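Novice: After the structure tokens below, expect a handful of questions from me.
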Amino acid sequence: MSSSFEKHQKRKLISSYFSVVLSIALVLFLLGLLGMLILNAKKVSDHFKEQVVVTIYLKDNAKDVEVKQLEKSLAMADYIKSTEYVSKEQAAEFMKAENGEDFMDFVGYNPLQNSIDVHLKADFVTSEHLEKISAEALNKNFVDEVTYDNDLVNLMNDNVKKISFWVLVISAIFTLIAVLLINSSIRLAVYSKRFTIKTMQMVGATKQFIRRPFVLKSVRLGIIGAVLALIGMAIVLFYLNKTFTELELLSNPVLISLLFVFIFALGIIITWISTHFATQRFLNLKTDDLYY
């Protein structure tokens, strides 16, 4: 009978520890994913901003020397990421591939113009900079027109600001929820040992002596949960980096390492603080209050 009771208590204890580790791992994993999103939010927004193309259309009488000088001056500018010269023949081939038919068969000639596609660095993709670049290009007598999607640029910049704000708000809320969930799991685990705590206190054990094994056990559980969370984060990060290679998610290993260290430390700190206060609560309770 006693052996059966001990086995039952042992199973309950293992189940309690398992639930604590699982809750810690899941919460830290989600918190880590949110951290990765914050770290890469600017990189993702920069990637989309740098896809905006400013197209400088050249007149047919533009000389090769003039075009090359314009390309060179653009390439040397601090705000330019890359430039690409597109001849009217290349533009015609592109339209043919896109539409599946040769429009020149109907027109009889190539009405397209030679052009230079310009990609700006993300920080300079604003309406003000685009207008300035457009005005400078149009001052050249061999430039016919400059086009870019100004509405898209404004929409993109507005959305980036809104998303950045809400990501910070959600991060703060989620961090609070994470702390509360882990704290709740730890409190439940300590609650199951409340009579043991009170018994040790009644035979003369100091609060620090009673608290120490509970804190060490919870910290070990926190480390296990944090390690599981980090393994999950590493798998997700590896998959995303392999799927979206253009984002170069692993290009800054220092920040990624700091995030992993932060998540690991958070698992230890939260479990230590939660266990400290949970045990302190039961140490301060009267014996009769343990039954409520």
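Residue numbers (the working numbering): 46 to 337.
The beta-carbon is built from N, C-alpha and C at its ideal position, and this holds for glycine as well.
Computed from a prediction, not measured in an experiment: that's the story for all the values here.
Would Gly249 be called buried (16 or more neighbouring beta carbons within 10 Å of its own) or exposed?
Specialist: So Gly249 counts as exposed.
Novice: At the level of alpha carbons, what is the spacing between Phe289 and Val66?
Specialist: Using only the alpha carbons, I get a separation of about 32 Å.
Novice: Over the uninterrupted beta strand (DSSP E) stretch that includes Glu116, give me the two end residues.
Specialist: Where Glu116 is concerned, there is no enclosing beta strand (DSSP E), although the alpha helix (DSSP H) it sits in stretches over Asp109 to Met121.
Novice: In terms of residue numbering, what span does the alpha helix (DSSP H) encompassing Leu165 cover?
Specialist: Leu165 -> not in any alpha helix (DSSP H); beta strand (DSSP E) instead, spanning Ser160 to Leu165.
Novice: Can you check the region 167 to 204 for any alpha helix (DSSP H) of at least 4 residues that lies completely inside it and give the ranges in chain order?
Specialist: As far as the region 167 to 204 is concerned, its whole alpha helix (DSSP H) runs of at least 4 residues are 172 to 183.
Novice: Per the DSSP calculation, Asp103 is bridged to which residue(s)?
Specialist: Note that residue 103 is Leu in the sequence shown, not Asp. In DSSP, Leu103 forms a bridge with Val188.
Novice: Since Val338 is in the alpha helix (DSSP H), which residue starts that stretch and which ends it?
Specialist: Any answer about residue 338 is impossible in this case: the structure gives the chain only from 46 up to 337.
Novice: Between Thr324 and Arg256, how many whole angstroms is the CB-CB distance? I'm expecting something under 8 Å.
Specialist: At roughly 5 Å, the Cβ-Cβ gap stays under 8 Å, so Thr324 and Arg256 are in contact.
Novice: Taking C-beta to C-beta, are Ser172 and Val191 nearer than 8 Å?
Specialist: No; because the gap between Cβ atoms is not below 8 Å, this pair is not in contact.
Novice: Which residue from Ser68, Phe63 and Tyr62 puts its Cα closest to that of Ile227?
Specialist: Nearest option by C-alpha distance: Ser68.
Novice: Give the straight-line distance between the Cα atoms of Glu176 and Asn286, rounded to the nearest whole angstrom.
Specialist: Computed Cα separation, rounded: 35 Å.
Novice: What is the C-beta distance between Leu339 and Ala274, in whole angstroms, given that I count them as a contact (C-beta under 8 Å)?
Specialist: Since the displayed the chain opens at 46 and closes at 337, residue 339 lies outside it and no answer follows.
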